[in-house]
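Student: Quick note: the sequence shown uses my numbering, first residue 367, plus one each step.
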Amino acid sequence: MSPDYEAVIGLEVHARMHTRTKAFCPCAVRFGDPPNTLVCPTCLGLPGALPSLNREAVAMGVRVGLALGCTVRRRSRFARKNYFYPDLPKGYQISQYDEPLCEGGWLDVPQPDGSTRRIGIERAHLEEDAGKNLHGAGASREASLVDLNRAGVPLLEIVGRPELRSASEAAEYLRQLRSVLMAVGANDGNLESGSFRCDANVSVRPVGERRLGTRTEIKNINSFRFVQRAIEWEVAEQVAALKAGGAVAQVTKTWDDDSGRCHVLRRKEGSDDYRYFPEPDLPPLVLSEAFVDELAASLPPLPAARRARYVRELRVTEGDARVITEHPALARWFEALAALTTDAKRAANWVCNVVKPGVVTDGLQASFPLPVEALAALLARLDDGTLSGTLAREVYAKMVESGRSAEAIIEAEGLRVVTDEGAIEAACRAVIDASPKQVAAYRAGKRALLGYFKGEVMRASGGRADPRALDAALSRLLGG
Ligand code: ADP
Ligand code: MG
Ligand code: ZN
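(1) Okay, do the region 398 to 416 and the region 520 to 532 touch, 3+ Cβ pairs below 8 Å being the bar?
(2) Could you pull out every residue in the same chain whose Cβ sits closer than 8 Å to the Cβ of Arg429, ignoring the five residues on either side in sequence?
(3) For the ligand ZN, any of its heavy atoms closer than 7 Å to the Cβ of Gly518?
(4) Please go through the same chain and pick out, in chain order, the residues whose beta-carbon is closer than 6 Å to the beta-carbon of Ala793, but skip the five residues on each side of it.
(5) Kindly indicate which three-state DSSP category Asp799 falls into: helix, strand or coil?
(6) Report buried or exposed for Asn515, applying the criterion of at least 16 other Cβ atoms within 10 angstroms of its Cβ.
(7) Could you tell me if the beta carbon of Leu473 falls within a distance shorter than 7 Å of some heavy atom in the ligand ADP?
(8) For Glu737 versus Gly724, is the C-beta spacing smaller than 8 Å?
(9) With distances taken Cα to Cα, identify the nearest neighbour of Lys820 among Val797, Ser442, Ala810, Ala509.
(10) Taking 7 Å as the line, does the beta carbon of Gly470 fall inside it for any heavy atom of the ligand ADP?
(11) Return the CA-CA distance between His491 and Arg527, expressed in angstroms with no decimal places.
(12) In or out: Asp554 buried (at least 16 other Cβ within 10 Å) or exposed?
(13) Helix, strand or coil, according to DSSP, for Thr618 in the structure here?
(14) Just how far apart, CA to CA, sit Leu653 and Thr756?
(15) Could you check whether the Cβ of Ile776 sits closer than 7 Å to any heavy atom belonging to the ligand ADP?
(16) Please report whether the beta-carbon of Met548 lies at a distance below 8 Å from any beta-carbon of chain D.
(17) Assign His629 to buried or exposed, taking buried as 16 or more other Cβ atoms, counted over all protein chains shown, within 10 Å of its Cβ.
(18) Please list the segments of the beta strand (DSSP E) lying wholly inside the region 626 to 675, counting only runs of 3 or more residues, in order along the chain.
(19) Looking at the secondary structure, which residues open and close the alpha helix (DSSP H) in which Val424 lies?
(20) Between Arg672, Gly769, Leu608, Leu844, which lies nearest to Ala807 when the distance is taken from Cα to Cα?
(21) Should Pro850 be counted as a contact of the ligand ADP given a C-beta to heavy atom distance under 7 Å?
(22) How big is the Cα-Cα spacing for Thr683 and Ser561?
(23) Return the residue from the list Ser559, Pro466, Gly579, Thr580 that minimises the CA-CA distance to Ser589.
(24) Could you tell me whether the region 600 to 618 touches the region 412 to 426, where touching means 3 or more Cβ pairs closer than 8 Å?
(25) Relative to the C-alpha of Gln542, which residue among Gly579, Val512, Leu434 is closest?
(26) Let me know the beta strand (DSSP E) ranges lying completely inside the region 716 to 759, each 3 residues or longer, listed in chain order.
(27) Measure the alpha-carbon distance for Tyr640 versus Tyr458 and round it to whole angstroms.
(28) Within its chain, find whatever has a CB closer than 6 Å to the CB of His501; leave out the 5 residues flanking it on each side and keep chain order.
(29) Counting Cβ pairs, one atom from each stretch, are 3 or more of them under 8 Å apart for the region 833 to 841 and the region 760 to 775?
(30) Give the DSSP bridge partners of Trp472, in chain order.
(31) Buried or exposed, going by whether 16 or more other CB atoms sit within 10 Å of the CB of Tyr449?
(32) Report the partner residues of Gly376 according to the DSSP bridge assignment.
(33) Three or more beta-carbon pairs under 8 Å between the region 571 to 591 and the region 695 to 708, yes or no?
(34) Since Arg681 contacts Lys711 with CB under 8 Å, what's their CB separation in whole angstroms?
(35) Could you check how far apart the C-beta atoms of Leu696 and Ala732 are, in whole angstroms? I think they sit under 8 Å.
(36) Taking 7 Å as the limit between beta carbons, can you name the residues of its chain near Arg673, skipping five residues before and five after?
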């Protein structure tokens, strides 16, 4: 980016609350069912049908608010946001406006240097999702059809303050926020199914300027990668416009990943356009002290706290701690493993690099390629020197494939480190005899060639030579 301008980004996230039923009716929340089968008079918007608020959705919204350090209002209120669109049969969306459920809060966003930067949260309010328009679907290429299975699904809109400074920081904010929502069980984290979508508000200003520039809003992005690309593109576009003496128009845009650019949808609507007014069919939402206190007391450990503990107490690397805390099931699995092993740092490394690629997640659930105890037993054989890192990986692959224990595989296949000095020395001699040129160069002073000899002997031994015995034999034979 141009050094004379800085980007200012504020994100609005729409997170689906992980409830069994919809926000204001008893219809099930599910995806993939035949269109318009999860509907009733209320979510179809039939005249006279009345909403009744889902307690579970409120509890989840409160948990998120508490996790983000927000003030949870004891009294909040629903409002009608009026607009016309075919996926909104009532002609309005039930949302919250001037009295939202949660206000003020923050999220600590990890930075590349390992520090964190605190980004303010303005508010978080409950609302309902709209249906889905399907263009050119069904019988006719020209027709658009509407599926209302999603209509009325509870959402929490989390409005961040305009304090993010780059596209990559914005993407990291989203990753963090998603992990917090998943940790408290309020969201399944499934971006592809639209459980977690974001609108990015983007402006730029000359460095040193305090006032905010005119912003554009990029709607409905459901991929971390797309968010980053869309913001990068938009920032460059705005800087170019200002440098050319032009201005930024306050418009709503959409990101098109195929062409790699944003397209203007419409001029930005203001809140007046929506003719907000209090929802007459729902009384104010009043929460008891006890209800909120109980939710606060049962809040599980949050990703930031887990991360800090892994790094401080367990000596896990910052990078591994981040990866592990992205999914609560992965974090719990790692903690169970760490409790069974002597070296938590190494356990974390195994979880991130070896286990995780084989983990299958389904929302908040995850299934692992093997039980925690089985991996702990394997790592114990690494501890006692039976296995080298390479061998342990080999045993791991066989464990996952066959379901057998580390012990059984080591016994049956003789996969253990060779410590027999005679055998190792013979292997070294064979390599040395076959490499006269390298030996001459090594003896002439090219000491870096030691790595070559080690590698060759290791390879010949199928990764089984004990590294310490190997070092000793090589320096004896080559002359140190
Ligand atoms: P709206 O309902 O019009 O989207 P808000 O005023 O509540 O409006 O702002 C929503 C989001 O826009 C917030 O996330 C906020 O951080 C962000 N935002 C507001 N002004 C700017 C700006 N000048 N540059 C970047 N983001 C902004
Ligand atoms: Mg907005
Ligand atoms: Zn319904």
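For glycine and all other residues, C-beta sits at the position ideal for the given N, C-alpha and C. The model shown is predicted, which means the values in this text are computed figures rather than measured ones.
Tutor: From the atom records:
(1) The answer is no - the region 520 to 532 does not touch the region 398 to 416, with fewer than three Cβ pairs under 8 Å.
(2) Sequence-distant Cβ neighbours of Arg429 in its own chain, meaning closer than 8 Å and more than five residues away, are Val550, Gly551, Ala552, Leu661, Leu665.
(3) Distance from the C-beta of Gly518 to the nearest heavy atom of the ligand ZN is below 7 Å.
(4) Excluding positions up to five away in sequence, the list reads Val823, Ala826, Ser827.
(5) Asp799 sits in a helix when the DSSP states are folded into three classes.
(6) The C-beta of Asn515 has 16 or more other C-beta atoms within 10 Å across all chains shown, which makes the residue buried.
(7) In this structure, Leu473 has its CB at a distance of at least 7 Å from all heavy atoms of the ligand ADP.
(8) It should be pointed out that residue 737 corresponds to Pro in this sequence rather than to Glu. Against a cut-off of 8 Å, the Cβ pair of Gly724 and Pro737 comes out as no contact.
(9) Closest option to Lys820, judged by alpha-carbon separation, among Val797, Ser442, Ala810, Ala509: Val797.
(10) Between the ligand ADP and Gly470, a heavy atom-to-CB distance of less than 7 Å is absent.
(11) Distance between the alpha carbons of His491 and Arg527: 15 Å.
(12) The residue is buried, with at least 16 neighbouring Cβ atoms inside 10 Å.
(13) The answer is strand: DSSP assigns Thr618 an E or B state.
(14) Here the alpha carbon of Leu653 sits roughly 57 Å from the alpha carbon of Thr756.
(15) Result no, Cβ not under 7 Å from the ligand ADP.
(16) Judged by its chain identifiers, the structure shown contains no chain D, having just a single protein chain.
(17) The C-beta of His629 has fewer than 16 other C-beta atoms within 10 Å across all chains shown, which makes the residue exposed.
(18) Listed in chain order, the complete beta strand (DSSP E) runs (minimum 3 residues) inside the region 626 to 675 are 627 to 633.
(19) Val424 -> alpha helix (DSSP H) spans 421 to 433.
(20) Distances from the CA of Ala807 to each of Arg672, Gly769, Leu608, Leu844 were compared; the closest alpha carbon is that of Leu844.
(21) For the chain, the structure presents residues 367 to 846; residue 850 sits outside this window and is missing.
(22) Going by the C-alpha atoms only, they are around 30 Å apart.
(23) Checked all of Ser559, Pro466, Gly579, Thr580; the closest Cα to Ser589 is Ser559.
(24) Of all C-beta pairs linking the region 600 to 618 to the region 412 to 426, fewer than three are shorter than 8 Å, placing the two stretches out of contact.
(25) Measuring from the Cα of Gln542, the nearest candidate turns out to be Leu434.
(26) DSSP assignment within the region 716 to 759 yields the following whole beta strand (DSSP E) runs of 3 residues or more, N-terminal first: 726 to 728, 731 to 733.
(27) One C-alpha to the other measures close to 9 Å.
(28) For His501, where only same-chain residues beyond five positions count, the Cβ hits under 6 Å are Ser510.
(29) Because the criterion of three Cβ pairs below 8 Å is not met, the region 833 to 841 and the region 760 to 775 do not touch.
(30) Beta-bridge pairing links Trp472 to Gly486.
(31) The residue is exposed, with fewer than 16 neighbouring Cβ atoms inside 10 Å.
(32) Paired residues: Asn567.
(33) No, the region 571 to 591 is not in contact with the region 695 to 708.
(34) Arg681 to Lys711, Cβ: 5 Å. Contact.
(35) Indeed they touch by this definition, with Cβ atoms about 6 Å apart.
(36) Closer than 7 Å at Cβ, skipping near neighbours: Ala687, Arg688, Thr691.
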